[in-house]
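Visitor:
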Amino acid sequence: MLAAVLAIGGLAAIFGSLLGFAAVRFRVEGDPVVDKIDALLPQTQCGQCGFAGCRPYAEAMAAGEVEINRCPPGGEGTIGALADLLGKDPIPLDAEVGEAKAERTVAVIDEPWCIGCTLCIQACPVDAIVGAAKQMHTVIADECTGCELCLPPCPVDCIHMKPVETAIGEWVWPFPGEPLERHG
Ligand code: SF4
Ligand code: SF4
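Just so we're aligned, residue 221 is where the sequence shown starts under my numbering, counting upward by one.
Below, the structure written as structure tokens:
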């Protein structure tokens, strides 16, 4: 019995060190340029840029396959930051991908009308909606990026977008000549 336990323990130790060695030896280093570009994107994973999320768009930009102006949620701020990082001139947002929003919004579910079909949960790329089949669903506002991907699949149109109220701690003086609302 003891021999069997020792044998199994020994085998486990051998396989464990082999796995550890393989993890170090064959580790794929992330591309630092892609990491830096991805860090500048808003992580809404909304797909408005035409890619499956922020990371694939960052990879295509790093490969020089696509321009820096395809991110509506990021808007001019993101284009400027990407231009700085990649040593390019800032260019206007590509109209093909939509317009930058003037203010941040979050999704709100009109809960009495929700039929609990779960379609919005399946559409949300950042898991900001909680609910169960045939039960009321609700949006975790802090997790919602305002991508609006949950609106089209809702069969009863009980989801709408609401502007994010500026918390007193976040309010800043606007730049001269700008309207008195939160910027940046
Ligand atoms: S709740 Fe809707 S708007 Fe908010 S992140 Fe999810 S899909 Fe986008
Ligand atoms: S898609 Fe609309 S009806 Fe369906 S669970 Fe979401 S909020 Fe409710």
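Backbone N, C-alpha and C define an ideal beta-carbon position, used for all residues, glycine too.
Check whether the Cβ atoms of ILE335 and ILE349 lie closer than 9 angstroms to each other.
Guide: Translated into the one-based positions of the sequence shown, residue 335 becomes position 115. Translated into the one-based positions of the sequence shown, residue 349 becomes position 129. At the C-beta level, ILE335 and ILE349 stay beyond 9 angstroms of one another.
Visitor: How big is the Cα-Cα spacing for ALA242 and ILE234?
Guide: Counting from one through the sequence shown, the residue named residue 242 turns up at place 22. Counting from one through the sequence shown, the residue named residue 234 turns up at place 14. Computed Cα separation, rounded: 12 angstroms.
Visitor: How big is the Cα-Cα spacing for ILE311 and LEU339?
Guide: Your numbering for residue 311 matches position 91 in the sequence shown. Your numbering for residue 339 matches position 119 in the sequence shown. In a straight line, the C-alpha of ILE311 is about 37 angstroms away from that of LEU339.
Visitor: Quick one: what's VAL359 bridged to in DSSP?
Guide: Here residue 359 corresponds to residue number 139 of the sequence shown, with the count starting at 1. Note: VAL359 sits in a beta bridge opposite ILE349.
Visitor: Give the DSSP-derived three-state secondary structure of LYS382 in the structure shown.
Guide: Locating residue 382 in the sequence shown gives position 162, counting from the first residue. It is a strand residue.
Visitor: Using the Cα positions of GLU323 and GLU287, report the straight-line distance between them to the nearest angstrom.
Guide: The residue labelled residue 323 in the question sits at position 103 within the sequence shown. The residue labelled residue 287 in the question sits at position 67 within the sequence shown. Cα-Cα distance, rounded: 24 angstroms.
Visitor: Are the beta-carbon atoms of GLY295 and LEU260 separated by less than 9 angstroms?
Guide: Start at 1 with the first residue of the sequence shown, and residue 295 comes out as number 75. Start at 1 with the first residue of the sequence shown, and residue 260 comes out as number 40. The answer is no: Cβ separation not under 9 angstroms.
Visitor: Run the CB neighbour count on GLN355, radius 10 Å, all protein chains shown included, and call it buried at 16 or more, exposed below.
Guide: Locating residue 355 in the sequence shown gives position 135, where the first residue counts as 1. GLN355 is exposed by the Cβ-count criterion.
Visitor: Go ahead and pull the three-state DSSP assignment for ILE329.
Guide: Within the sequence shown, numbered from 1, the residue matching residue 329 stands at position 109. Strand, per DSSP.
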